[in-house]
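Take a look at the structure set out below.
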Amino acid sequence: MQTRSQTRANAGRQARPRRLPKPRAAPRKKEKKTKKKPEEEEEETRESPPPAVPDDDDEDIEMEGVVETVETRLELENLQYEMYKMGKILDIVEKKNRKLGKKVEALEEEVKALRDKEERRSRRERRRLEEEAEEDEE
Numbered sequence: 000m001q002t003r004s005q006t007r008a009n010a011g012r013q014a015r016p017r018r019l020p021k022p023r024a025a026p027r028k029k030e031k032k033t034k035k036k037p038e039e040e041e042e043e044t045r046e047s048p049p050p051a052v053p054d055d056d057d058e059d060i061e062m063e064g065v066v067e068t069v070e071t072r073l074e075l076e077n078l079q080y081e082m083y084k085m086g087k088i089l090d091i092v093e094k095k096n097r098k099l100g101k102k103v104e105a106l107e108e109e110v111k112a113l114r115d116k117e118e119r120r121s122r123r124e125r126r127r128l129e130e131e132a133e134e135d136e137e
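Residue 0 is where the sequence shown starts when you use numbering that gives the first Met the number 0, and the numbers rise one by one after that.
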């Protein structure tokens, strides 16, 4: 039976899904080494032929083709990722450009309103000066 503290500690674990262990390679079986007599070792070294060198160039060509295919596939994936990143950056730039465009339009409208206001004020001032000049003449 669990104590209260163990139950509380395990309560949080039950809420979260359990992680599965990562798959690992099966352990390799080791060959058992038996002690050989020195005479047997010498015989084995004399009898063993040199390692066979593959005479087929076809295999080399096939492997080169596979390597080239993998390299080109990796290059393609890298280019696709770069295009994706550039697209994201372009979206951000376009969004900011739209925002700035709206701000520019608002500022242009504000400038136009201020110019109209200043123009009206200057007209009133001119009229007042003209009226004062007429009154002075009379």
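Every residue gets a Cβ at the ideal spot worked out from N, C-alpha and C, and that includes glycine.
| field | Spatial distance of T68 from E81 (CA atoms) | value | If you number the sequence shown from 1, residue 68 lands on position 69. If you number the sequence shown from 1, residue 81 lands on position 82. Taking the straight line from one Cα to the other gives about 20 Å.
| query | How many angstroms separate the CA atom of E107 from the CA atom of R97? | reply | Sequence index remark: in the sequence shown, residue 107 carries index 108 (1-based). Sequence index remark: in the sequence shown, residue 97 carries index 98 (1-based). Going from the Cα of E107 to the Cα of R97 covers about 15 Å.
| query | For E30, which of helix, strand or coil comes out of DSSP? | reply | Within the sequence shown, the letter at position 31 stands for residue 30. Three-state DSSP puts E30 in coil, outside helix and strand.
| request: Compute the Euclidean distance between the alpha carbons of D115 and R126, then round it to the nearest angstrom. | output: Counting from one through the sequence shown, the residue named residue 115 turns up at place 116. Counting from one through the sequence shown, the residue named residue 126 turns up at place 127. When rounded, the distance between both Cα atoms is 17 Å.
| said: For a test of the three-state rule: what should DSSP assign to L153, helix, strand or coil? | reply: With the chain covering only 0 through 137, there is no way to say anything about residue 153.
| Cα-Cα separation between Q79 and E63, rounded to whole angstroms | Locating residue 79 in the sequence shown gives position 80, counting from the first residue. Locating residue 63 in the sequence shown gives position 64, counting from the first residue. Approximately 24 Å, taken between the alpha carbons.
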